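>
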Amino acid sequence: MAGETRTALVTGGASGIGAAVVARLRAEGAQVATFDLATAGQDGVLELTGDVTDSSSVDDAVARVERELGPLHALVCSAGIPGKSQSTVDVSDDEWKRVLAINLDGVFFCNRAVLPGMIERGYGRIVNVASIAGKDGNPMARAYSASKAGVIGLTKAIGKDVARTGVLVNCVAPAVIETPILDGVSEEHVDYMLQRIPMGRIGQPEEVAALISWLASDACSFSTGACFDISGGRAVY
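Numbering (my numbering), first residue to last: 28 to 264.
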């Protein structure tokens, strides 16, 4: 897509890592659309409201972005929730299903929705936001950890499926990042995560956005189905 203006869709783009990605991509000259439950009043951004757990809503959003902004070059799946900080025996069926639906089903629906067009055009970059919890497993966060492990596995599988099409699919695994998602996490849970970061600090959304921006660009050309850690040294594999 050399010489073209990048067009990107960012789910969860109204806040947190997603909002930082939107700002980064726009600063680099991309056209950006967001898909979120809320809007953030971002100037110059096509803000679409909807639920990533509703596959028909996802399909409609992708169609509208391509109708109004042109073919999608990049998808960043950042929508997610932490779930309740509870012991395993206290997690209800509904809570388990809720976290998996948003964090894993939503990523699958979004990836599936953009792939036909990207494959037909022979170009695409997909970046899914996983978590270091998907590798290590965090106590008091079994649904979240399982959902993010699923995102890593899903990314690897889709990356291999489309490896020869010009569409590259990767994910990032951040440690704890300073975003509104922490509002739903207990202090004990945050302390657990922070104690395991050798750099001794929480990451910033802009740091994750910088990595995602590269993965969503032409510069990323020989990596697919990979998980890129951004964990302040916490990751061990």
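Glycine included, every Cβ here is placed at the ideal spot set by N, Cα and C. For clarity, every value in this text was computed on a predicted model and none was experimentally measured.
Taking C-alpha atoms, which residue in Val217, Asn197, Thr80, Gln231 lies nearest to Trp241?
Reading the sequence shown from its first residue, position 214 is the one you call residue 241. Closest option to Trp241, Cα to Cα, is Asn197.
> Tell me whether the beta-carbon of Leu238 lies closer than 9 Å to the beta-carbon of Ser174.
Residue numbering aside, residue 238 sits at position 211 when the sequence shown is read from its first letter. Residue numbering aside, residue 174 sits at position 147 when the sequence shown is read from its first letter. No. Outside cutoff.
> Enumerate, from N- to C-terminal direction, the unbroken alpha helix (DSSP H) stretches of 4 or more residues contained entirely within the region 162-214.
169-188
> Quick check on this structure: which residue in Asn165, Val154, Leu181 has the alpha carbon closest to the alpha carbon of Ala101?
Along the sequence shown, read from residue 1 onward, the residue named residue 101 stands at position 74. Cα-wise, what sits closest to Ala101 is Val154.
> So what's Val141 in DSSP terms, helix, strand or just coil?
Taking the sequence shown and counting its residues from 1, the one referred to as residue 141 is at position 114. Residue state, collapsed to three classes: helix.
> For Ala76, write down the residues that DSSP places opposite it in a beta bridge.
The count along the sequence shown starts at 1 and reaches residue 76 at position 49. Reading the sequence as shown, one finds Thr at residue 76 and not Ala. Looking at the DSSP output, Thr76 sits in a beta bridge with Asp63.
> Among the residues of its own chain, which have a CB less than 6 Å from the CB of Asn165, if the five just before and after it don't count?
Translated into the one-based positions of the sequence shown, residue 165 becomes position 138. Cβ neighbours of Asn165 beyond the five flanking positions: Ser172.
> Identify every residue that forms a DSSP beta bridge with Leu36.
What you label residue 36 is simply residue 9 of the sequence shown in a count that begins at 1. Partner(s): Ala60, Leu102.
> Ends of the beta strand (DSSP E) at Asp256?
As a first step, residue 256 is located in the sequence shown; it is residue number 229 there, counting from the start. Taken as a continuous stretch (DSSP letters only), the beta strand (DSSP E) holding Asp256 covers 254-257.
> Span of the alpha helix (DSSP H) holding Val126?
Working through the sequence shown from its first residue, we reach residue 126 at position 99. Its alpha helix (DSSP H) spans residues 120-127.
> Where does Arg267 land, buried or exposed, given buried means 16+ other C-beta within 10 angstroms?
Residue coverage of the chain in this structure runs from 28 to 264, which leaves residue 267 outside it and unanswerable.
> Would you check if the region 200-217 and the region 228-238 touch, i.e. whether three or more CB-CB distances between them fall below 8 Å?
Touching, per the Cβ criterion.
> Report yes or no: do three or more beta-carbon pairs, one from the region 138-150 and one from the region 90-100, lie closer than 8 Å?
A contact is defined here as three or more CB-CB pairs under 8 Å, and the region 138-150 meets this definition with respect to the region 90-100.
> In whole angstroms, give me the CA-to-CA distance for Lys183 and Ala157.
As a position in the sequence shown, residue 183 is number 156, starting the count at 1. As a position in the sequence shown, residue 157 is number 130, starting the count at 1. The straight-line gap from Cα to Cα measures roughly 12 Å.
> With DSSP run on the structure shown, which of helix, strand or coil describes Val116?
Your numbering for residue 116 matches position 89 in the sequence shown. If DSSP states are grouped into helix, strand and coil, Val116 belongs with the helices.
> Is the region 61-71 in contact with the region 118-136, if contact means three or more CB pairs nearer than 8 Å?
no
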